[in-house]
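Let me begin by presenting the structure, written as C-alpha cells, before commenting on it.
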Amino acid sequence: MSGAGNDIDGETPRSATVTALTPDDRRAHLRMLEALLFASREPLSEAMLADRLPDDVNVRLCLAELQSAYAGRGVVLARRGDGWAFRTADDLAWLMSREMEEPKKLSRPALETLAIIAYHQPVTRADIEEIRGVSVSRGTLDVLMDAGWVRIRGRRRSPGRPVTYGTTPGFLDHFALTAIDDLPGMEELKGAGLFDGPVPGGLSVPVPSDDPALRADEDPYEGDAEETREEETGASGEADADGEGEPR
Amino acid sequence: MSGAGNDIDGETPRSATVTALTPDDRRAHLRMLEALLFASREPLSEAMLADRLPDDVNVRLCLAELQSAYAGRGVVLARRGDGWAFRTADDLAWLMSREMEEPKKLSRPALETLAIIAYHQPVTRADIEEIRGVSVSRGTLDVLMDAGWVRIRGRRRSPGRPVTYGTTPGFLDHFALTAIDDLPGMEELKGAGLFDGPVPGGLSVPVPSDDPALRADEDPYEGDAEETREEETGASGEADADGEGEPR
Amino acid sequence: MGEVIGLQTRDKAFVVDLDGFEGPLDLLLALARTEKVDIAKMSVLALVEQYLAFIETLRERRIEIASDYLVMAAWLAYLKARLLVPKQARDDEPDGEELAAILAERLQRLEAMRVAARHLAERPRLGRDILARGQPEAIRDHRIARYEASLVDLLRAYAEQRRLRGAARVEMAPRRVWSLTEMYECLERLVGKAAGWTPLQTLLDHAGPGDDREGRLAAGFSASLELVREGRAELRQAGPFERLDLRTRQGRDGQGPEDDGREGGADERRR
Numbered sequence: 061m062s063g064a065g066n067d068i069d070g071e072t073p074r075s076a077t078v079t080a081l082t083p084d085d086r087r088a089h090l091r092m093l094e095a096l097l098f099a100s101r102e103p104l105s106e107a108m109l110a111d112r113l114p115d116d117v118n119v120r121l122c123l124a125e126l127q128s129a130y131a132g133r134g135v136v137l138a139r140r141g142d143g144w145a146f147r148t149a150d151d152l153a154w155l156m157s158r159e160m161e162e163p164k165k166l167s168r169p170a171l172e173t174l175a176i177i178a179y180h181q182p183v184t185r186a187d188i189e190e191i192r193g194v195s196v197s198r199g200t201l202d203v204l205m206d207a208g209w210v211r212i213r214g215r216r217r218s219p220g221r222p223v224t225y226g227t228t229p230g231f232l233d234h235f236a237l238t239a240i241d242d243l244p245g246m247e248e249l250k251g252a253g254l255f256d257g258p259v260p261g262g263l264s265v266p267v268p269s270d271d272p273a274l275r276a277d278e279d280p281y282e283g284d285a286e287e288t289r290e291e292e293t294g295a296s297g298e299a300d301a302d303g304e305g306e307p308r
Numbered sequence: 061m062s063g064a065g066n067d068i069d070g071e072t073p074r075s076a077t078v079t080a081l082t083p084d085d086r087r088a089h090l091r092m093l094e095a096l097l098f099a100s101r102e103p104l105s106e107a108m109l110a111d112r113l114p115d116d117v118n119v120r121l122c123l124a125e126l127q128s129a130y131a132g133r134g135v136v137l138a139r140r141g142d143g144w145a146f147r148t149a150d151d152l153a154w155l156m157s158r159e160m161e162e163p164k165k166l167s168r169p170a171l172e173t174l175a176i177i178a179y180h181q182p183v184t185r186a187d188i189e190e191i192r193g194v195s196v197s198r199g200t201l202d203v204l205m206d207a208g209w210v211r212i213r214g215r216r217r218s219p220g221r222p223v224t225y226g227t228t229p230g231f232l233d234h235f236a237l238t239a240i241d242d243l244p245g246m247e248e249l250k251g252a253g254l255f256d257g258p259v260p261g262g263l264s265v266p267v268p269s270d271d272p273a274l275r276a277d278e279d280p281y282e283g284d285a286e287e288t289r290e291e292e293t294g295a296s297g298e299a300d301a302d303g304e305g306e307p308r
Numbered sequence: 023m024g025e026v027i028g029l030q031t032r033d034k035a036f037v038v039d040l041d042g043f044e045g046p047l048d049l050l051l052a053l054a055r056t057e058k059v060d061i062a063k064m065s066v067l068a069l070v071e072q073y074l075a076f077i078e079t080l081r082e083r084r085i086e087i088a089s090d091y092l093v094m095a096a097w098l099a100y101l102k103a104r105l106l107v108p109k110q111a112r113d114d115e116p117d118g119e120e121l122a123a124i125l126a127e128r129l130q131r132l133e134a135m136r137v138a139a140r141h142l143a144e145r146p147r148l149g150r151d152i153l154a155r156g157q158p159e160a161i162r163d164h165r166i167a168r169y170e171a172s173l174v175d176l177l178r179a180y181a182e183q184r185r186l187r188g189a190a191r192v193e194m195a196p197r198r199v200w201s202l203t204e205m206y207e208c209l210e211r212l213v214g215k216a217a218g219w220t221p222l223q224t225l226l227d228h229a230g231p232g233d234d235r236e237g238r239l240a241a242g243f244s245a246s247l248e249l250v251r252e253g254r255a256e257l258r259q260a261g262p263f264e265r266l267d268l269r270t271r272q273g274r275d276g277q278g279p280e281d282d283g284r285e286g287g288a289d290e291r292r293r
C-alpha cells in the first residue's frame with residue numbers, strides 16, 4: 061500500500077485550512093470528522109461525511125489534515141476510492157495476529173478472474189474466458205461477488221446482452237488500494253519480480269478504471285434484477301443466488 | 061489532534077516516560093499500543109496488552125501517555141473496568157445518530173380508512189372493512205396511529221371485543237379543523253364537487269363526533285394494554301406487527 | 023520441449039496432470055516457459071510444434087483429451103500450415119504472421135494477468151495484514167415518517183369511496199350487547215320461575231326486548247353452561263342439534279361437598 065500520508069489530492073495547500081478558521085473551529089471540525097471515521101468499520105465517503113457534519117466543515121481539507129496528523133502512527137487514515145477509513149498500519153500486522161482471520165484462500169482461477177475484472181472492467185464473462193482461454197465457472201464469479209469485490213455493472217450492448225462485471229469499493233478496501241489506478245502498471249509489475257521466467261518485452265496492462273458510470277456500450281442492469289433473482293434462487297444456494305443478480 | 065502529529069509523535073517531550081527511551085522507541089511503543097487498542101474486538105486489560113506487546117514496553121506509562129494524547133479529541137482512550145478501549149467522545153454522540161423526518165404521502169387505502177374513521181367513529185376494523193368493502197391491513201391502521209391521527213378509543217361490547225378507533229386532536233390539527241363536525245356533510249361534499257360521478261340516492265353521511273366519552277356499547281381499552289403489548293413484542297420486531305393493538 | 027512432456031509422460035497419472043492446466047492457453051504458456059525465452063521473442067512456430075507434439079503423445083497413449091485442447095490443436099495446425107505456405111495472392115484469409123501475432127498477444131495478455139493476480143495475492147489484505155476498528159460504533163439514521171395529506175384528498179377519498187360502495191348497507195346502530203354476567207342473572211331468574219324443563223330459546227326470548235337473536239343465543243348458551251356448572255340448573259338435549267332445555271336443579275340434597283365449593287366460586291365470579 062502506498063504510504064498513508066500523501067496520497068490525498070494535493071490541489072489545496074494545507075496552509076489554507078488554518079488561516080480561514082479559528083483554532084477552536086478547526087479543532088472542533090477535526091474532532092467531529094475523527095469521531096465519525098473512527099466509529100465506522102467501513103470507509104465513509106466524502107459525501108456521506110459532508111451530509112453528517114455541519115455545513116461549515118470543509119470535509120476535504122479536514123480529511124487532508126487528519127490524514128497527515130495520523131501519518132506514520134499505529135492507526136492511519138486511508139483513502140479507499142471514494143471512501144475514507146481508519147486502518148491499522150500495515151507494518152504492524154505481526155502484532156495483531158490474534159485479531160486476524162486468515163482470509164479465504166483464493167483459488168488461482170478466482171485470483172486471475174479477479175485480476176482480469178480489475179484491470180479490464182467492464183468485462184463480460186466471455187471477455188474473461190477469451191483472456192484466460194478457458195471457461196469461467198459460475199462458482200468462481202459467485203465467490204468473488206460473495207466476497208463483495210465484484211459486482212454486476214450492467215449489460216453489454218451486444219448480442220445476448222451479457223452482463224458486465226466490475227470491482228466494488230469493497231475490493232479497494234480489501235486489497236488496500238487507494239483507488240483502482242493504484243493497481244500497478246506493467247513497469248511496476250516487472251519491477252516486483254513476479255514473473256516466472258524472463259520478463260516479456262511487449263507486455264502491457266490496461267489502465268484500470270472503476271468509474272461506475274456506464275460506458276457507451278453498456279446498458280443499466282436494473283429492471284431485470286427481479287427476474288434474474290428468481291432464476292438464480294432456483295438454480296443455486298441462497299446466499300450465492302442472492303448476491304448474484306443485483307448490483308451492490 | 062491539534063497540531064498535525066506532535067501529540068503522539070516524538071517531538072514534544074512528555075514528562076517521565078521519555079527519560080528512559082529514545083524518541084523512536086517511545087514512538088514505536090505508542091504506535092503498537094494504539095493499533096492494538098484500535099483493532100481489538102474487546103477492551104484490553106493492562107495484562108492482556110503486556111502479554112501482546114514486546115517485553116520492553118511499559119504498558120502503564122504508554123497508556124497514560126496515549127490517553128493524554130487523545131484527551132479532548134473526537135476519539136478518547138477510555139477505561140472500561142479492567143480494560144481500555146477507544147471510544148468516540150461522549151459529547152459527539154449526536155453525530156452518530158440523527159433523526160430525519162421524511163415526508164410521506166398517505167396512501168389511498170390509508171386516506172379512505174382515515175376518512176371513514178373520522179366520519180363514523182367509533183368504528184372497529186370490521187366496520188371499516190364493511191364500509192370500504194375491502195379488508196383493511198393492520199399496516200394501514202398503524203400508519204394512521206403513527207401519524208398521530210387515529211387512536212384506540214376502547215373495545216366494542218360485542219363478540220371478540222374488537223377495539224374501536226377514533227380520531228385524535230392531532231387529526232383536527234393537521235387538517236385544520238376547528239372541531240370534528242367541521243367535516244362537511246353530504247350537501248357540502250356535493251357542493252364542493254368532491255363526488256366524481258352520480259351520487260346514489262340513499263347515500264348519507266353521518267354527523268361525526270369525536271367525543272372521547274365511551275359510547276353505550278364501548279368498554280374502556282385500558283387495563284389490557286399491558287397484556288397486549290407483551291403479546292406483541294413477543295411476536296416479531298416488524299413494524300407491522302408492532303403497532304398491533306396498542307395506542308401509541 | 024522435454025520438460026513438460028517428460029514430466030507428464032513419466033507419470034501414469036497423465037490425465038490428472040493435464041487437468042492441472044487451466045486450458046490450452048495455459049498449456050501453451052507452460053510450454054513457452056520451458057524455452058526460458060521471452061514470449062514476445064519466441065518462435066510461435068516452434069511453440070505450435072511443441073503443442074501439437076504434446077497432444078499427439080497424449081493421443082498415442084489413448085488418453086482422453088478435453089475438447090478445448092483439441093480445438094486449439096486444430097487451430098494451431100491451421101496456423102502452422104499458414105506459416106509454412108507462402109501467402110497466395112487473392113487470399114482473403116489473414117496470413118500466418120498475423121495469426122501468430124494474435125496468438126502471441128493472447129499469451130502475453132494472459133501472462134500479464136497472471137502476474138497481476140500474483141500481485142493481488144501479495145497485497146496487504148484487510149483482516150489479514152490491516153485491521154479495521156475492532157469495536158465499531160453505530161452511525162445511525164432514524165428515519166421518522168411525517169405523513170402528509172390534505173383535507174381535500176381526505177374528503178375526495180371518502181366521497182369517492184362512499185359513492186362507489188354507496189348503496190351498500192352501512193349501518194352502525196348500536197347493538198344490544200349481552201354480557202355473560204347480565205345473561206347469567208337473567209337466566210337464573212327466569213329458570214327459577216319456569217316450571218320444569220323449558221326450551222332455552224323460550225327463556226332467551228323472554229330475557230328482554232329486542233331481536234338480537236344471535237347475540238342473545240351466544241350469551242345465553244354460555245350463561246346456561248355456567249349455571250349448570252355451578253349446580254344451579256340442569257340442561258338436556260335429545261341429540262346433536264336438538265333443542266336445549268333448561269330447568270332449575272332438582273333434589274339439592276344430593277349435592278356433594280365439591281358442589282358447596284362451586285357455589286362459593288359462583289358467588290365470587292358473579293361479584
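Taken in order, these protein sequences are the chains called A, B and C. Remember, the working numbering sits 60 above the position in the first sequence when you count from 1. Remember, the working numbering sits 60 above the position in the second sequence when you count from 1. Remember, the working numbering sits 22 above the position in the third sequence when you count from 1. Note that beta-carbon positions come from the ideal geometry of N, C-alpha and C, so glycine has one too.
* **Chain-ordered residues of the stretch 188-202 of chain B with a beta carbon less than 8 Å from chain E** => Note that chain E does not occur in the displayed structure, where the protein chains are A, B and C.
* To do: Alpha carbon to alpha carbon, how far is Glu172(A) from Gly199(A)? Give it in angstroms, no decimals.
  => 14 Å
* **Proximity test, Cβ basis, 8 Å: Gly257(B) and chain C** => yes
* Asked: In chain C, which residues lie less than 8 Å from Tyr179(B) when you measure between Cβ atoms?
  -> Tyr180
* To do: Give the C-beta separation of Pro182(A) and Thr228(A) to the nearest angstrom, bearing in mind that I take them to be a contact with Cβ-Cβ under 8 Å.
  => No, Pro182(A) and Thr228(A) are not in contact; Cβ-Cβ is about 13 Å, not under 8 Å.
* **Segment contact flag, the stretch 176-187 of chain C with the stretch 193-213 of chain A, C-beta cutoff 8 Å, min 3 pairs** => no
* Report yes if the CB atom of Arg55(C) is closer than 8 Å to the CB atom of Phe235(A), and no otherwise. => Contact: no.
* Where does Arg162(C) land, buried or exposed, given buried means 16+ other C-beta within 10 angstroms? -> Residue environment for Arg162(C): exposed (fewer than 16 other C-beta atoms within 10 angstroms of its C-beta).
* From Ile191(B) to Pro260(B), what does the alpha carbon distance come to, in whole angstroms? -> 15 Å
* Asked: For the alpha helix (DSSP H) that contains Trp144(A), what are its first and last residues?
  -> First-last for Trp144(A): Gly143 to Thr148, but that is the beta strand (DSSP E), not the alpha helix (DSSP H).
* **Distance between beta carbons of Lys164(B) and Tyr169(C), contact taken as under 8 Å** => 5 Å
* Asked: Ordered along the chain, which non-local residues of its own chain (more than five positions away) have a Cβ less than 8 Å from that of Leu132(C)?
  -> So the qualifying residues of the chain are Leu47, Asp48 and Leu51.
* Asked: Using 8 Å as the limit for Cβ to Cβ distance, is Ser269(B) near chain C?
  -> no
* Asked: Since Arg91(B) and Glu106(B) are thought to touch, with beta carbons under 8 Å apart, how far apart are those beta carbons, to the nearest angstrom?
  -> Taking the Cβ atoms as the reference, Arg91(B) lies roughly 18 Å from Glu106(B), outside the contact range of under 8 Å.
* Beta-bridge pairing of Ile212(A) - partner residues as DSSP gives them -> Tyr225(A)
* Asked: Using the rule of at least 16 other Cβ atoms within 10 Å of the residue's Cβ for burial, across every protein chain shown, is Ala285(A) buried or exposed?
  -> For Ala285(A), the predicted model reports a pLDDT of 48, less than 50, meaning its position is unreliable; a value from the coordinates is still stated below. Answer is exposed; the Cβ neighbour count stays below 16.
* To do: Note down the Cα distance separating Val267(B) from Arg265(C), rounded to an integer number of angstroms.
  => 45 Å
* To do: Identify whether Ser264(A) lies in helix, strand or coil by the three-state DSSP scheme.
  => In the three-state reduction of the DSSP assignment, Ser264(A) falls in the coil class, being assigned neither a helical nor a strand state.
* To do: Taking only beta-carbon positions, decide if Ala276(A) is within less than 8 Å of chain C.
  => Closer than 8 Å: no.
* To do: May I have the straight-line CA-CA distance separating Asp271(B) from Pro222(B), to the nearest angstrom?
  => 19 Å
* What are the start and end residues of the alpha helix (DSSP H) that includes Thr224(C)? -> Leu222 to Asp227
* Asked: Mind checking if Pro169(A) is an interface residue toward chain C, Cβ cutoff 8 Å exclusive?
  -> yes
* Asked: When every heavy atom of the ligand ATP is checked, does at least one fall within less than 7 Å of the C-beta of Thr224(A)?
  -> Ligands displayed in this structure: none; no statement on the ligand ATP is therefore possible.
* Gln223(C) to Gly226(B) span [Cα, whole Å] -> 37 Å
* To do: Can you tell me which of the three DSSP states Met246(B) falls into?
  => For Met246(B), the secondary structure class from DSSP, reduced to helix, strand or coil, is helix.
* Using only alpha-carbon positions, find the residue among Cys122(A), Asp115(A), Asp242(A) and Pro114(A) that is nearest to Arg86(A). => Cys122(A)
* **Residue-chain proximity (Glu106(A), chain C), Cβ-Cβ < 8 Å** => No, its Cβ sits nowhere closer than 8 Å to a Cβ of chain C.
* Strand pairing of Asp163(C), partner residues [DSSP] -> Arg158(B)
* Roughly how far, in whole angstroms, is the beta-carbon of Val135(B) from the beta-carbon of Ala95(A), given that I think they are within contact range, below 8 Å? -> 6 Å
* Quick one: what does DSSP say Tyr179(B) is sitting in, helix, strand or coil? -> helix
* Rounded separation between Ala160(C) and Ala252(A) - CA only -> 40 Å
* Asked: Are there 16 or more other CB atoms within 10 angstroms of the CB of Gln130(C), so buried, or fewer, so exposed?
  -> buried
* Asked: Which of the three DSSP states, helix, strand or coil, is assigned to Ile152(C)?
  -> strand
* To do: Can you give me the Cβ contacts of Glu247(B) inside the same chain, cut-off strictly under 7 Å, excluding the 5 residues immediately before and after it?
  => No residues qualify anywhere along the chain.
* What are the start and end residues of the beta strand (DSSP E) that includes Asp115(B)? -> Premise fails: Asp115(B) is in no beta strand (DSSP E) and is neither H nor E.
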